[in-house]
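Okay, structure first, notes after.
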């Protein structure tokens, strides 16, 4: 992993960056991280395996399913038990993790897509743009529009990169 990271860093710091090479190295790095994480979780106790399974379910269902009950049912647990496990290991409830994932996707779409905030809200399953804006502001402390503006300003200031 360290060797791939070194190659990735070296390629990124080149005078002329080869995006194809960067993407390939990043894929290798991320695949290795996933492999290590899977090995770690499969060697852990039953509750860590449940968290891993919850996270896999979350990744494939967060756009349609936003209740802890859905995930608990898929894992063969009660929602209360799932929340106890998540709270104990991650210090968050199922709904908090679901909301975190929705916010992460919202940010990704705001940064990387050409969609309007209204389209992004719809893509994420919100029927009302204003409800999406309130949801986003509650979790991030700023509206989606303010977040979009701050990202644009950052990219302009740091020459088309999100890194300082």
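In the numbering used here, the protein residues as written are 40 to 203. We put the CB at the ideal spot given by N, CA and C, even for glycine. Being a predicted model, the structure only gives us computed values, none of them experimental.
Under a three-way DSSP split, which group does residue i fall into?
i	result
residue 126	helix
residue 170	helix
residue 152	coil
residue 117	coil
residue 51	helix
residue 132	coil
residue 165	coil
Measuring straight from C-alpha to C-alpha, what distance separates residue i and residue j?
i	j	result
residue 73	residue 56	26 Å
residue 157	residue 168	5 Å
residue 132	residue 150	27 Å
residue 41	residue 196	30 Å
residue 152	residue 116	37 Å
residue 207	residue 191	Examination of residue 207 is not possible in this model, given that the chain is present from 40 through 203 alone.
residue 101	residue 166	16 Å
residue 204	residue 136	Because the chain in this structure spans residues 40 to 203, residue 204 falls outside the shown range and cannot be described.
residue 128	residue 142	21 Å
residue 75	residue 69	10 Å
Hey, quick one: how far does the alpha helix (DSSP H) through residue i stretch, first residue to last?
i	result
residue 40	It is not in any alpha helix (DSSP H) - residue 40 carries neither H nor E in the DSSP assignment.
residue 192	183-196
Round the Cβ separation of residue i and residue j to the nearest angstrom and send it over; I've been treating them as touching at under 8 Å.
i	j	result
residue 93	residue 114	6 Å
Secondary structure, alpha helix (DSSP H): runs of 4+ residues fully inside the segment 55-106: 58-81, 85-100
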